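> If you're matching positions, the sequence shown starts at 1 in UniProt numbering and goes up one per residue.
Dropping a structure here in structure tokens format, bear with me for questions.
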Amino acid sequence: MYAMTIPEPGGPDALVWAEVPDPTPGEGEVLIEVAAAAVNRADLLQRQGFYDPPPGASPYPGLECAGRITALGPGVAGWAVGDEVCALLAGGGYAEQVAVPAGQLLPVPAGVDLADAAALPEVTSTVWSNVFMVAHLRPGETLLVHGGASGIGTMAIQLGKAVGARVAVTAGSAEKLAQCAALGAEILVDYREQDFVAEVKAATDGAGADVILDIMGAKYLERNIKALARNGRLAIIGLQGGTKAEINLGALLAKRGAVTATSLRTRPVAEKSAIIAAVREHVWPLVEAGQIRPVIDRRIPLSQAAEGHRVLDAGSHIGKVLLTR
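Okay, here's the thing in structure tokens:
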């Protein structure tokens, strides 16, 4: 088969479409013929040499895909050759075929195009596991989403609204904020010109955000704690603003606040499977009912994945960038 390889770390042109050995499904795995994959920031870090795949994972980038099952490994039940699926991966999505544990599969939701389904596994798993399974967002609470126009952000807005929360977002342009509003965000903050702490406090009568989904890390830590409501929960899922910062434990203590930080790629298969099962139970009905949809910025041929990386590097996209075959 062909896959997007990284002979040497570097810029987007470090991605090389090359012939590689075909994967074979192991115990409890299926083989998928890939129809589409999605670009995630983790892929850019891997290309640059900063985020190696977990031990035993495919060396090729790509943390989610959609396609058709072409083979079943030993011990797989509940799936059949020919099934249309999307999958959460530890790597290998930028390829013609990928082997994946059966517990990380989801059926393509009714009403969703096969290729578009590639935009769902990573964002739904990340948002559901952090905002709901860890931070326990409840109806009537306020959810602050940093990077509201990103793939993660556009999904978090929709899921927050679907459960009856009030959603606040930060984004870097009027166009992005308008798209966030169209998805259901009510509190819109242009981080280039506004202080998100002041804006969220003003919009909540001084209370603050009950849950914050953060992609920035160190740069936003102090302000995120200031923006938290009493009993607020800060879920950190990205480190775009750095890895090290001081924390005022007194401020956190006074608010009875909680800070969590999680990653998805390196979790054991059993944990990923549990998240996927929760997504299938709670999120998939919303997708099939039309309440939640994948937000697609553009589609690019898989063999031109470098262009997809340039789009994410530029930061002008809204939603997900797909790589299609």
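Cβ atoms here follow ideal geometry from the backbone N, Cα and C, with glycine treated the same way.
Predicted model only: the values in this text are computed from it and were never measured.
Let's see if you can read the secondary structure: which residues bound the alpha helix (DSSP H) around Ile225?
Locating residue 225 in the sequence shown gives position 225, counting from the first residue. It spans 218-227 - the alpha helix (DSSP H) in which Ile225 sits, taken as one unbroken run.
> Taking C-alpha atoms, which residue in Val100, Asp116, Glu19, Pro9 lies nearest to Val39?
Counting from 1 along the sequence shown, the entry for residue 39 is found at position 39. Out of Val100, Asp116, Glu19, Pro9, Asp116 has the C-alpha closest to the C-alpha of Val39.
> Count the other C-beta atoms from every protein chain shown that fall within 10 angstroms of the C-beta of Glu19, then say buried if there are 16 or more, exposed otherwise.
One-based indexing of the sequence shown puts residue 19 at position 19. It counts as exposed.
> Taking the Cβ atom as the reference point for each residue, do Arg325 and Leu106 lie within a distance shorter than 8 Å?
If you number the sequence shown from 1, residue 325 lands on position 325. If you number the sequence shown from 1, residue 106 lands on position 106. No, the Cβ-Cβ distance between Arg325 and Leu106 is not below 8 Å.
> Quick one: is Met1 buried, meaning 16 or more other Cβ sit within 10 Å of its Cβ, or exposed?
Working through the sequence shown from its first residue, we reach residue 1 at position 1. So Met1 counts as exposed.
> If you run the structure through DSSP and keep just helix, strand and coil, what is Asp297?
The sequence position of residue 297 within the sequence shown is 297, counting from 1. If DSSP states are grouped into helix, strand and coil, Asp297 belongs with the strands.
> Measuring alpha carbon to alpha carbon, tell me which residue in Gly140, Val169, Gln179, Ile152 is nearest Val162.
For the purposes of this step, residue 162 is identified with residue 162 of the sequence shown, where counting begins at 1. Note on residue identity: the sequence assigns Ala, not Val, to residue 162. Comparing Cα positions, the closest option is Gly140.
> If I follow the unbroken beta strand (DSSP E) through Leu106, where does it start and stop?
Numbered from its first residue, the sequence shown carries residue 106 at position 106. Segment 105-107, the beta strand (DSSP E) holding Leu106.
> Of the residues Trp79, Ala198, Ala156, which one's Cα is nearest the Cα of Gln104?
Here residue 104 corresponds to residue number 104 of the sequence shown, with the count starting at 1. Distances from the alpha-carbon of Gln104 to those of Trp79, Ala198, Ala156 put Trp79 closest.
> Within the continuous beta strand (DSSP E) that includes Pro285, where are the two ends?
For the purposes of this step, residue 285 is taken as residue 285 along the sequence shown, with counting starting at 1. Note, Pro285: premise wrong, no beta strand (DSSP E); alpha helix (DSSP H) at 284-288.
> For Ile247, which residues of its own chain have a beta-carbon under 8 Å away from its beta-carbon, when the five flanking residues on both sides are left out?
For this step, residue 247 is matched to residue 247 along the sequence shown. Around Ile247: Leu221, Glu222, Ile225, Val259.
> Just the C-alpha distance for Ser58 and Gly91, rounded to the nearest angstrom, thanks.
Residue numbering aside, residue 58 sits at position 58 when the sequence shown is read from its first letter. Residue numbering aside, residue 91 sits at position 91 when the sequence shown is read from its first letter. Looking at the two C-alpha atoms, the distance is approximately 5 Å.
> Tell me whether the region 83-103 and the region 23-41 touch, counting them as touching only if at least three CB pairs, one residue from each stretch, are closer than 8 Å.
yes
> Taking C-alpha atoms, which residue in Gly290, Gln291, His309, Asp13 lies nearest to Arg299?
Along the sequence shown, one-based indexing puts residue 299 at 299. Selected option, being the one with the closest Cα: His309.
> What did DSSP end up calling Ile292 once you bin it into helix, strand or coil?
By 1-based counting over the sequence shown, the position of residue 292 is 292. If DSSP states are grouped into helix, strand and coil, Ile292 belongs with coil.
> So what does DSSP say about Leu302, is it helix, strand or coil?
Numbered from its first residue, the sequence shown carries residue 302 at position 302. In this structure, Leu302 counts as helix in the three-state DSSP scheme.
> Could you check what DSSP says for Thr5 in three-state terms: helix, strand or coil?
On the sequence shown, residue 5 is found 5 positions in, with the first residue counted as 1. Thr5 falls in the strand class under three-state DSSP.
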